[in-house]
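Visitor: Those protein sequences? They're chains U and D, same order as listed. So in the working numbering the end of the first sequence lands on 164, straight run, no missing numbers. So in the working numbering the end of the second sequence lands on 503, straight run, no missing numbers. From the three backbone atoms N, C-alpha and C, an ideal C-beta is built for every residue, glycine too. Mind looking over this structure? Questions follow.
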Amino acid sequence: MSERRLQMQLGIGACLASAFLIFAAIPNWVAAPSNIKNILLSPMFWPYVLAGCTGVVGLGLIAAGYRTAEGPSEDFVDAHDEGMGAWVRMIGMALIMVGTMALMPRLGMVWTSMLCFALTAFLVKTRHPVAAVICAVVLPLVLYAFFAHVAGVAIPQGNFVRLP
Amino acid sequence: MSFIDSLMAGLSLVANLESFLALAGGVAIGVFGGAIPGMSATMAVALTLPFTFAMQPITGILLLLGVYKGGIFGGCIPAILIKTPGTPASSATILDGYPMAEKGEAGRALGMALWASCTADVISNLALIVFAGWLASFALSFGPPEFFTLILFSLTIIAGVSGDSLLRGALSAILGLLLATVGLDLIYGTNRFTFGDPNMMGGLNFIAVLIGLFAIPEVLAMVWHPTAHLGKARSLGNNWVSFDDYKKSFRSIVRGSLIGVFLGSIPGIGAAPSAFLSYSEARRKSKNKPNFGKGEVEGVAASEAGNNGVAGATLIPLLALGVPGDVITAIIIGAFMIHGLQPGPMMFVLNVDLIYGLFIGLIVSSICLFFVGSVAIKGFKYVADVPKRLLIPGVLVLCVYGVYAVNNNIFDVGVMFAMGWVGYAMMRWRIPAAPFLIAFILGPLLEDNFRQAMLMSGSDWKVFFRGPITWFFWTVTAITIFAIVRMGVNAAREGRNQPEKES
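Printed below as a string of structure tokens:
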């Protein structure tokens, strides 16, 4: 992606975000008492200022984009373009995160973390599958021992197998 | 309390095995974290933070400071061996460190890096001890208008951590400020972007946001490209640094340390510019000027002294004013908050024992750095052998436990995952994450002090110009903004002239 395109995309995104904040998000999701005499003290004042600044920066980015010469630029995406496989792995990672959130209250943090470790290790194509499985079992247990028995944190245990 | 009383109170806090083990352990973790490219000192500090919750405040903070100091030094190891700086601060070390490694003198370069780092660390710690108390006693006379102008000035530090685009840095900072508005309003107690969820009413958890922003994007980057990290480490060679090398480079080391102290005490400048400035000054004044860039040991000494000189000095604004000097000190503020401490001038009154305990610990950390660093130089081969594709899933699990442990709340883990995707998107669109985090910390303080000042003055804006302190901060803010704009205009002009010259 060229620098120009990047600036333009960000600028347009910032302007849209600013408009969304000013016309939809702040009026609907920020509550303010009706008897405030000075607008500067209103809970809405600060979000409106920031929304305005987002728009100004967005316009600045668009202007900077126009002034930037078109040309190739090496960035994170171009340097590591992995094609379709990368997107599939990213979706897989998103599913692992959603699964972790969904399973944690039911299976408990330790067992969920074991699954999370193992699945992530295989998702990034580890060359050490046996070590990955061993680490997947050992690391969550060690962390559980530390946080539950040393730090006194109530680690979620789940509904099935409970640890001491 | 007299100086001796304060010193004794500090000593009573840290003169125990636990504190020294925390320091030494912290330095070791930091060197390990800094030495692994892609892990970085910032990530090492962020991941260590949850382990400090169960500790005494002083022990936990010493552990983090150890990680910070170890991490800054550790970054030079891969910079010299594989031409990949473990931290941005070590970028200047590559210039002479890597050519030395190519000549089979990696051991000598690493040894000099360690000696220069320890010397600079001691000088930086002494500067902290001398200046922080003085600055804090001055800051005791600050009220809300003074704090508002100070924080406004501190927000200009974002320019220093914005990377190659100030506008993208500004966008990142505004997003951070916006995210900081989530939760109950500070004065009226009304809801702001809470969507009726009680978990959101206290605002988003700082630790979840910072770990999500700094650690999870690395996991996602690894998922996107699992083999990007593959590289080869070099052997250390048989040549080691001698005392004669140290003596010859001593002037450059002291000069670099002082540059580091000066730049480190100004919030937002960070270690990388200091390392480059120290390097260029050493090159300008050295007898071996033509050798610089080809494997000159004085070049390694100067750049490492420059970046380590910053480490103690960044704590001056943190402890004296409660303003983070860089991203890592922003994370360390989290440790203070978790233990119910608010860094700033009042800490020098209410927690003077803790302040002096930290000073003593910092001096000891320089000694720890020397011993742990010596071992780490020889042991790096094994550190580099940890497969990254096992390390990253481990980081993910560590993040889950660490974030959950802050409030015993699974919701925070969700916030961390969400912020991880935000951080990854920012990485892809080259929006720097550091301004986001700094603004997220300073945002509530800025708004709170603004509204308090307006309330106490009966909404009279002249309160923001009420005395010499506010005028001073307005002036330095204006000067900084002017300098930033001028720098931006010059950079843009150079950028436009470059293609013309090339064609």
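Cα separation between U:W29 and D:L178?
Guide: 13 angstroms
Visitor: When you compare only the Cα positions, how much space is there between D:G295 and D:L398?
Guide: Straight-line Cα distance between these residues: approximately 39 angstroms.
Visitor: What are the residues that DSSP puts in a beta bridge with D:L184?
Guide: D:N191
Visitor: Count the other CB atoms, across all protein chains shown, that sit within 10 Å of the CB of U:I155; report buried if there are 16 or more and exposed otherwise.
Guide: buried
Visitor: Under three-state DSSP, which class holds D:V254?
Guide: helix
Visitor: Please determine, among D:G325, D:F370, D:A320, the residue with the shortest C-alpha to C-alpha distance to D:V352.
Guide: D:A320
Visitor: Residues bridged to U:V30 by DSSP?
Guide: D:R192
Visitor: Compare the C-beta of U:L16 against all C-beta atoms of chain D and say whether one is closer than 8 angstroms.
Guide: Using a Cβ-Cβ cut-off of 8 angstroms, U:L16 does not count as an interface residue toward chain D, since no Cβ of chain D sits closer than that to its own.
Visitor: D:D5: which of D:Y356, D:A478, D:V67 sits nearest, CA to CA?
Guide: D:Y356
Visitor: State the Cα-Cα distance for the pair D:A219 and U:G85, rounded to the nearest angstrom.
Guide: Note that residue 219 of chain D corresponds to Val in the displayed sequence, not to Ala. Those two C-alpha atoms are separated by around 16 angstroms.
Visitor: Contact between the segment 399-406 of chain D and the segment 205-213 of chain D: three or more CB pairs below 8 angstroms?
Guide: Result yes; three or more Cβ-Cβ pairs closer than 8 angstroms.
Visitor: Could you check where the alpha helix (DSSP H) with D:E105 kicks off and where it finishes?
Guide: Premise fails: D:E105 is in no alpha helix (DSSP H) and is neither H nor E.
Visitor: Does the ligand NAP have even one heavy atom less than 7 angstroms from the beta-carbon of U:R89?
Guide: Because no ligand of any kind appears in the structure shown, any question about the ligand NAP cannot be addressed here.
Visitor: Along the segment 44-61 of chain U, where does the CB come closer than 8 angstroms to a CB of chain D? Name the residues.
Guide: W46, P47, L50, A51, C53, T54, V57, G58, G60, L61
Visitor: What does the alpha-carbon distance come out to for the pair U:I62 and U:Q7?
Guide: Distance between U:I62 and U:Q7, taken at the CA atoms: about 6 angstroms.
Visitor: If the cut is a Cβ gap below 8 angstroms, which residues of chain U does D:M222 touch?
Guide: V124
Visitor: In the DSSP assignment, find the unbroken alpha helix (DSSP H) run with U:Q7 in it and report its ends.
Guide: 3-20
Visitor: Does any CB atom of chain U fall closer than 8 angstroms to the CB of D:S124?
Guide: no
Visitor: On the premise that D:G309 lies in contact with D:G256, defined as a C-beta separation below 8 angstroms, what is that separation, rounded to the nearest angstrom?
Guide: 6 angstroms
Visitor: For D:S249, name the three-state secondary structure that DSSP assigns.
Guide: Helix at D:S249.
Visitor: Is DSSP giving U:A148 helix, strand or coil here?
Guide: helix
Visitor: Excluding the five sequence neighbours on either side, which residues of its own chain have a C-beta within less than 6 angstroms of the C-beta of D:L396, listed in chain order?
Guide: V219
Visitor: Let me make sure I understand the geometry here. Which of U:M97, U:V161, U:G158 has the alpha-carbon closest to that of D:G420?
Guide: Among U:M97, U:V161, U:G158, the Cα nearest to that of D:G420 is on U:M97.
Visitor: Using a Cβ-Cβ distance cut-off of 8 angstroms, determine whether D:W429 contacts chain U.
Guide: yes
Visitor: How is the alpha helix (DSSP H) around U:W111 delimited, first residue to last?
Guide: Start and end: 109-123.
Visitor: Pairs of beta-carbons, one from the segment 325-339 of chain D and one from the segment 102-117 of chain D, closer than 8 angstroms: are there three or more?
Guide: No, the segment 325-339 of chain D is not in contact with the segment 102-117 of chain D.
Visitor: Over the uninterrupted alpha helix (DSSP H) stretch that includes D:P317, give me the two end residues.
Guide: 315-321
Visitor: Among residues of its own chain, excluding the 5 on either side of D:I431, which ones have a beta-carbon nearer than 7 angstroms to its beta-carbon?
Guide: R168, L171, S172
Visitor: With a CB to CB cut of under 8 angstroms and the five nearest residues on each side skipped, what residues in its chain are close to U:G13?
Guide: G58
Visitor: Evaluate D:A505 with the Cβ neighbour count: other Cβ atoms within 10 Å of its Cβ, from every protein chain shown; 16 or more gives buried, anything less gives exposed.
Guide: Within the shown structure, residues of chain D are numbered from 1 to 503, placing residue 505 of chain D beyond reach of any answer.
Visitor: Could you round the C-beta distance between D:P317 and D:P267 to whole angstroms and report it? I think they count as a contact, below 8 angstroms.
Guide: About 5 angstroms; that satisfies the 8 angstroms criterion.
Visitor: Which first and last residues belong to the alpha helix (DSSP H) in which D:D412 is found?
Guide: 410-428
Visitor: Might you give, ordered along the chain, the residues of its own chain that have their beta carbon closer than 7 angstroms to the beta carbon of U:G158, omitting 5 neighbours on each side?
Guide: R106, L107, G108, W111
Visitor: Look at the alpha carbon of D:L341 and the alpha carbon of D:M347, and state the distance between them as a whole number of angstroms.
Guide: 8 angstroms
Visitor: Going along the chain, which residues of the segment 89-100 of chain U sit with their C-beta nearer than 9 angstroms to a C-beta in chain D?
Guide: R89, M90, G92, M93, A94, I96, M97, V98, T100
Visitor: Rank U:I39, U:G92, U:V137 by C-alpha distance to the C-alpha of U:L115 and give the top, closest one.
Guide: U:V137
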